[in-house]
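Undergrad:
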Amino acid sequence: MSTDAAKTLSLAEGSNIANVADLQVALANLLEADDAQVVEVDCSAVRSIDCAVLQCLLVNLRAAAARGKALRCVRPSEDFTRIAAYVGLEGALVNT
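Numbering-wise (numbering that gives the first Met the number 0), the sequence shown opens with residue 0 and increments by one.
As structure tokens, then:
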């Protein structure tokens with residue numbers, strides 16, 4: 000974590016619908032925290048990811064912006080980038 004009010008959450012190697020509810024809760028909690036202006040989602044370990052997780056990230060990206068905060072997908076693995084591009088979300092998620 001950096002000292003500029005950023006909080007970090009790491010995605011698992013296999014991120015899918017089975018763990019999307021936990022991801023949503025974790026992201027919501029981080030975005031609601033007064034001391035977090037930036038939430039970074041470390042995507043470096045991702046080898047497989049499904050649309051439910053990508054949708055969760057996108058929804059929270061928009062929720063963060065609505066709160067005047069930022070959600071960034073950082074250190075995307077090649078697999079994360081490839082899959083996000085395949086579903087048309089590379090620009091929204093990888094370049095945040």
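For each residue, glycine too, the CB sits at the ideal point set by N, CA and C.
Alpha carbon to alpha carbon, how far is residue 28 from residue 52? Give it in angstroms, no decimals.
TA: Rounded to whole angstroms, residue 52 to residue 28 spans 17 Å at the Cα level.
Undergrad: Let me know the alpha helix (DSSP H) ranges lying completely inside the segment 1-72, each 4 residues or longer, listed in chain order.
TA: Here the runs fully enclosed are 19-31, 50-65.
Undergrad: In or out: residue 81 buried (at least 16 other Cβ within 10 Å) or exposed?
TA: Counting Cβ neighbours within 10 Å, residue 81 comes out exposed, since fewer than 16 surround it.
Undergrad: Identify which residue in 32, 50, 5, 43 has its Cα closest to the Cα of residue 18.
TA: Residue 18 has its Cα closest to that of 50, out of 32, 50, 5, 43.
Undergrad: Compare the C-alpha of residue 46 against each of 92, 15, 7, 58 and name the closest.
TA: Answer by Cα proximity: 15.
Undergrad: Would you grab the beta carbon distance between residue 22 and residue 55 for me? Rounded to a whole angstrom, and I think it's under 8 Å.
TA: The pair is a contact, with the Cβ atoms about 6 Å apart (cut-off 8 Å).
Undergrad: With a cut-off of 8 Å on the beta carbons, I'd call residue 40 and residue 88 a contact; round off their distance for me.
TA: Residue 40 to residue 88, Cβ: 13 Å. No contact.
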